[in-house]
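In my numbering, the protein residues as written are 42 to 281.
Quick look at the structure:
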């Protein structure tokens with residue numbers, strides 16, 4: 042007998058609550074402090090974690106495409122069977138590393154996406170895309186998401202006129218993000234007026250480079266996310 046809509050809704054809420062509790066019990070709260078170039082090599086593709094350096098011959102992935110570790114060089118010639126679980130895990134890890142979030146944060150985002158109306162995978166990527174540190178990067182006010190996180194943490198940005206230093210803050214339509222008046226005198230932000238236009242802003246953000254500000258027009262759609270990600274594999278990973 043097929044489940045009713047109410048039963049399906051309760052099942053989704055139960056799964057989301059289970060994921061949240063599992064993350065809390067494990068106490069997953071770790072910060073990666075190693076070389077980010079090793080993360081690209083581990084995933085077998087460029088994740089563009091270092092900004093402009095990733096586009097130059099100095100990029101570590103250009104010189105060593107094989108996985109990191111003592112046996113990484115030999116592993117590139119070794120044939121091995123790739124399981125479905127391995128593909129799902131690698132996609133989840135790659136997405137985490139692109140947006141620079143911990144496992145505990147990622148589980149929480151997935152639990153919220155599961156309870157939101159619509160496709161779970163698209164909801165998940167939409168929430169990650171609306172993080173303040175990612176918005177600063179997408180506006181080209183920072184060369185990478187890590188730099189965007191640093192600028193936000195140091196309190197250089199305000200949202201709707203209020204200073205904020207929380208990189209994980211989720212931006213919503215109608216919000217105005219701008220560089221604080223006290224930070225505009227710094228050399229970095231003075232040079233940013235000329236360099237910010239070198240990369241186009243996504244259509245869901247209206248950028249005012251002269252005033253170093255932007256307005257969120259709408260929520261990001263799946264086509265606005267330029268990262269090479271397969272959200273369906275992430276949903277399958279957590280649905281096991």
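Beta carbons: idealized from backbone N, C-alpha and C, even for Gly.
Legend entry - Nearest candidate by alpha-carbon position, reference residue 229, set 178, 154, 183: 183
Inset, instruction - Take the Cβ of residue 129 as the centre, count every other Cβ of all protein chains shown within 10 Å, and call the residue buried at 16 or more, exposed below. - result: buried
Inset, instruction - Confirm, please, whether the CB-CB distance from residue 193 to residue 177 is below 9 Å. - result: yes
Inset, instruction - Less than 8 Å between the CB atoms is what I'm expecting for residue 205 and residue 173, so what's the real figure, rounded? - result: 7 Å
Inset, instruction - With a floor of 3 residues, list each beta strand (DSSP E) that falls wholly inside the segment 184-253, ordered by position along the chain. - result: 198-200, 203-205, 217-220, 246-249
Inset, instruction - Inspect the beta-carbon positions of residue 125 and residue 277 and report whether they are closer than 9 Å. - result: yes
Legend entry - CA-to-CA distance, residue 239 to residue 166, given in whole angstroms: 25 Å
Legend entry - Exposure label - residue 189; buried when at least 16 CB within 10 Å: buried
Legend entry - DSSP bridge partner residues for residue 176 (one or two, in chain order): Answer by DSSP bridge pairing: none, since residue 176 is not bridged.
Inset, instruction - Excluding the 5 residues preceding and the 5 following residue 224 in the sequence, name in chain order all residues of the same chain whose CB lies nearer than 7 Å to its CB. - result: 197, 230
Inset, instruction - Please say whether residue 164 and residue 140 have beta carbons closer to each other than 9 Å? - result: no
Legend entry - Separation of residue 270 from residue 136, as counted between CA atoms: 7 Å
Inset, instruction - Express the C-alpha separation of residue 202 and residue 154 in angstroms, rounding to a whole number. - result: 28 Å
Legend entry - Span of the alpha helix (DSSP H) around residue 272: 272-279
Inset, instruction - Let me know the secondary structure DSSP gives residue 31 once reduced to three states. - result: Nothing about residue 31 can be read from this structure; the chain reaches only from 42 to 281.
Inset, instruction - Measure the alpha-carbon distance for residue 245 versus residue 267 and round it to whole angstroms. - result: 13 Å
Legend entry - Nearest-angstrom Cβ-Cβ length linking residue 234 and residue 251, presumed shorter than 8 Å: 7 Å
Inset, instruction - Look at the Cβ atom of residue 158, then the Cβ atom of residue 213, and state whether they are nearer than 9 Å. - result: no
Inset, instruction - Grab me the residues of residue 133's own chain with a C-beta within less than 7 Å of its C-beta, minus the 5 sequence neighbours each way, in chain order. - result: 275, 278
Inset, instruction - Out of 80, 161, 259, state which residue places its alpha-carbon closest to the alpha-carbon of residue 211. - result: 259
Legend entry - Minimum C-alpha distance to residue 242 - residue among 142, 138, 181, 208: 181
Legend entry - Bridge-paired residues (DSSP) for residue 256: 217, 247
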